[in-house]
Amino acid sequence: MSEESIFSVDTLVKYMGNDDKAVAIVHKIVRDACVPRMAPFEQAGAALREGRLHDAGKIFHTVRGSIGALGAKRLVASSLKLEQAIAERETAAIPPLFAATESEYQLVLQHADDWLQRNAPPGA
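Offset between the sequence shown (1-based) and this note's numbering: plus 355.
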């Protein structure tokens with residue numbers, strides 16, 4: 356998959372007006388979406404280890420919704436596969452899908468951090 360599908364807020368900036376104000380709004384959206392860092396994966400990992408599959412699935416669904424809005428198509432696809440495996444209780448498939456989704460999430464955070472630095476509002 357392309358680099359763009361890891362993280363891309365260009366369309367979001369365009370929809371917001373494609374100006375400095377739009378970039379500032381998207382900057383806040385990206386910053387807020389990335390605040391939890393790896394906490395959701397730590398929580399979901401604990402839920403999986405404790406057999407709370409439903410809780411883990413809800414966490415991934417939430418992450419997919421919040422981060423998916425940032426053009427993270429690869430993360431969305433990976434998370435959907437993981438959520439499906441959890442819902443179908445495919446216990447052998449869950450660990451590798453968890454690792455793949457976690458890796459995609461880390462890439463999104465790295466790309467988001469880079470974008471935030473390149474697009475910091477004046478005076479930030």
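Backbone N, C-alpha and C fix where the C-beta goes; we use that ideal spot for every residue, glycine too.
Cβ-based neighbour list, residue i, same chain, cut-off 8 Å, excluding 5 preceding and 5 following
i	result
His382	Leu471, Asn474, Ala475 and Pro476
Leu452	Ser433, Lys436, Leu437 and Ala440
C-alpha distance - residue i paired with residue j, whole-angstrom precision
i	j	result
Gly400	Ala427	21 Å
Asp365	Phe415	24 Å
Arg404	Arg392	20 Å
Gln398	Asp375	36 Å
Ala455	Gln461	10 Å
Buried or exposed (CB count within 10 angstroms, at least 16 for buried), residue i
i	result
Arg444	exposed
His466	buried
Delimiting residues of the alpha helix (DSSP H) encompassing residue i
i	result
Ile361	Per DSSP, Ile361 belongs to no alpha helix (DSSP H) and is neither H nor E.
Val431	Lys428 to Ala442
6 Å Cβ shell around residue i - same chain, five flanking residues per side excluded
i	result
Asp410	Ala402
Cβ neighbours of residue i in the same chain (closer than 7 Å, five flanking residues each side left out)
i	result
Val368	Ala377, Val378 and Val381
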